[in-house]
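What follows is one structure encoded as structure tokens, with my remarks underneath.
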Amino acid sequence: MKHYELLFVLKPTLTDEENTKQVEAINAVITANGGEIAKVDNIGMRDLAYEIQKNKRGYYTITYFTAPGSAIKEIERNLRINENVIRFLTVKYENKKEIAEWEKSVKEAK
Numbered sequence: 001m002k003h004y005e006l007l008f009v010l011k012p013t014l015t016d017e018e019n020t021k022q023v024e025a026i027n028a029v030i031t032a033n034g035g036e037i038a039k040v041d042n043i044g045m046r047d048l049a050y051e052i053q054k055n056k057r058g059y060y061t062i063t064y065f066t067a068p069g070s071a072i073k074e075i076e077r078n079l080r081i082n083e084n085v086i087r088f089l090t091v092k093y094e095n096k097k098e099i100a101e102w103e104k105s106v107k108e109a110k
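Here the sequence shown stands for residues 1 to 110, where the numbers follow the working numbering.
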């Protein structure tokens with residue numbers, strides 16, 4: 001299992017309840033594809049660097065998880081077809097130093 005970080009931005013027009021449901025749905029896709037979620041960090045509403053789909057703000061969430069490499073294609077496919085996701089970025093932690101930083105950031109939440 002490899003270590004990953006998933007940053008995604010949701011539309012600002014969603015309510016808090018809808019945001020929570022979207023985050024849960026995305027995390028469910030991760031676990032359904034063999035992943036284990038270590039930490040979910042809800043950053044909240046932030047200004048975007050530039051306008052995306054006529055949105056100037058977005059709701060940011062970072063999810064730290066471990067998963068097999070084959071699961072990433074399915075997770076990203078689901079993010080692409082989700083109309084409430086404005087942008088997303090998946091980062092893979094590969095070497096020992098990066099994995100140590102990943103584990104450190106996960107432990108800080110606990």
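Glycine included, every Cβ here is placed at the ideal spot set by N, Cα and C.
N19 sits buried, since 16 or more C-beta atoms from the chains shown fall within 10 Å of its C-beta. Under a 10 Å Cβ-count criterion, T63 is classified as buried, with 16 or more other Cβ atoms of the shown protein chains found around its own Cβ. Distance from the Cα of T90 is smallest, within the candidate group A38, I72 and V106, for I72.
Here DSSP, grouped into helix, strand and coil, assigns T31 to helix. Taking C-beta atoms as the reference points, I86 and G58 count as a pair closer than 8 Å. The closest CA to that of A32, considering only E94, E101, T66 and E5, is found on T66.
Taking a C-beta distance under 8 Å as the contact criterion, T13 and N42 do not qualify as a contact pair.
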